DNA sequence: ATGGAAAAAAATGAATGCAAAATATGCTCA
DNA sequence: TGAGCATATTTTGCATTCATTTTTTTCCAT
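Residue numbers (this note's numbering), protein chains in the order written: chain A, 1 to 270; chain B, 1 to 270.
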């Protein structure tokens, strides 16, 4: 049970100057002021069914539980998540807006299939965003953050030497995330995350190992990235990052070049 | 009324090799095969109520029909658009995902208010995207497209000389759009459009005119952009574009620097 | 059997219904 | 009069219902 405090507008005016962001029910104040629950715990926002369903469904799709281009079974998912169709359908519309699935008129939704061209576009945009992130990061990044990225870099180098693809990619991804985070731009970060999600469905590192040359090249590029970052050379870093991603794109897209529209699903690792 | 053709899977196999993308109801084939409507017109997809409502509502918000930070009146909008709450609510969720509005738990939605920091972030990301667009454009842009941008450039220059702010901005925007379009990257374009929409709510060009210096500077930057584009110098163009947007950001954000969280609504032009 | 059509079943899209939460209004008592 | 409380009213979130549309099944005539 929940107890509320009530005030008149006049009282409110005064309270607003005293009380900071808490909770209440006063309408004029868009933001709540004060609320106490009987058990003493500060009331948890408790994600709405819609929000909950949305992230669960997003994960479900991103993690590849539905085959590429496969239909999204509305009814089944309702049961799986234990919600009615309303919140689920809302989530579907959002996911469609995010570009993860596509809506077929009168025929539900299906997981969006990424063709070669789609991947190229996605890689390019991600490259652009990372490139931007690097440039921005140079403006405000702290020595500690650089040190952390350096640490990851050497960790990754270790995996490279040991030909440990799996961990290499793991750390590699973490480095890129760090750079994006260092840009201190939430907007950028959320767009980046969205694109990363779309791509994550496609495992693109398979038989990367065979192209030893490309791998060595990637390592060298990472050296250059780290170097530019250390010197906080914004434009240079931006350029290096973009080229790095461009090469990554070429390697990735080339690898699954077989299928014209869709993708041959022979990939293995992440 | 609509007539369908029906086939067995066996027949379908054969048809698939003959008939190209048309319409039908065969399930195995995700894509329709053949459909004829009685009036002869090829069946129009006819945007769903959801899609229709979504774009109408998006426009409604972007065009500023609801004050900054104002609540989105669900009930009223249902009447305005003549739809039930279901499609409208779906649209709300999508718009929230797009970052145009925000959802308050148990309290509906309100138009997202852009603070100084939000604007900075948006400008930076748009700058990054344009910068990327420029770089990509250099790879495939045709002489005709460059010529068109040149034309716009000189048209804009004319408005600059005549101190015609309104048209200047109009054409200016068109130039940037052209560059984005020339990147031939739909993903990029749609993200760019989304960000542009968020910003469009804020008229940021007011009293730009007073800063004659900045205006002249902007013109010079545009010269440099055009120059790099002509030479198809990707990296250079990328850099120039970013710096241009960065300056634009500074000018724009500075101008409405008064309000700390929200924005003083003294802007005038677009 | 097999092509084709009608009939049945399932799904989708959207409106309505309903309980919980928020907001507004009225009332009481110093 | 107005602070504080209790009661209406509205709004919100979600489930349910309903009319279509799509998909599957059944059936009939070759």
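The beta carbon of each residue, even a glycine, is placed where N, CA and C say it ideally should be. Predicted model, so just to flag it, every value in this text is computed and none were measured.
Under the rule that 16 or more other beta-carbon atoms within 10 Å means buried, what is residue i, buried or exposed?
i: residue 121/A; result: buried
i: residue 53/B; result: buried
i: residue 254/A; result: exposed
i: residue 130/A; result: buried
i: residue 236/A; result: buried
i: residue 134/A; result: buried
i: residue 192/A; result: buried
i: residue 158/B; result: exposed
i: residue 185/A; result: buried
i: residue 166/A; result: exposed
i: residue 51/A; result: buried
i: residue 183/B; result: buried
i: residue 162/B; result: exposed
i: residue 250/B; result: exposed
i: residue 128/B; result: buried
Where do the ends of the alpha helix (DSSP H) carrying residue i lie?
i: residue 62/A; result: 49-62
i: residue 194/A; result: 186-200
i: residue 245/B; result: 234-255
i: residue 131/A; result: 116-140
i: residue 180/B; result: 165-182
i: residue 225/A; result: 212-230
i: residue 158/A; result: 143-161
i: residue 94/A; result: 85-98
Shorter than 8 angstroms from the beta carbon of residue i to some beta carbon of chain A?
i: residue 94/B; result: yes
i: residue 89/B; result: yes
i: residue 81/B; result: no
i: residue 141/B; result: no
Considering residue i, what are the terminal residues of the beta strand (DSSP E) in which it resides?
i: residue 109/A; result: 109-111
Can you name the residues that DSSP bridges to residue i?
i: residue 103/A; result: 109/A
i: residue 71/A; result: 110/A
Does any C-beta atom of chain B lie closer than 8 angstroms to the C-beta of residue i?
i: residue 105/A; result: yes
i: residue 97/A; result: yes
i: residue 193/A; result: no
i: residue 122/A; result: yes
i: residue 261/A; result: Annotation note: pLDDT 44 at residue 261/A (below 50); position unreliable, no value reported.
i: residue 23/A; result: Because the pLDDT of residue 23/A is 35, which lies under 50, any placement of that residue in the model is unreliable, and the question is left without a value.
Problem set entry | Contact set between the segment 124-136 of chain A and chain B, restricted to residues whose Cβ is under 9 angstroms from the partner | 124, 125, 127, 128, 129, 131, 132, 133, 135 and 136
Exercise. Name the residues in the segment 229-240 of chain A whose C-beta lies less than 8 angstroms from a C-beta of chain B; which are they?
Worked result: 235, 238 and 239
Exercise. Given a limit of 7 angstroms on CB to CB distance, which residues of the segment 154-187 of chain A reach chain B?
Worked result: 185, 186 and 187
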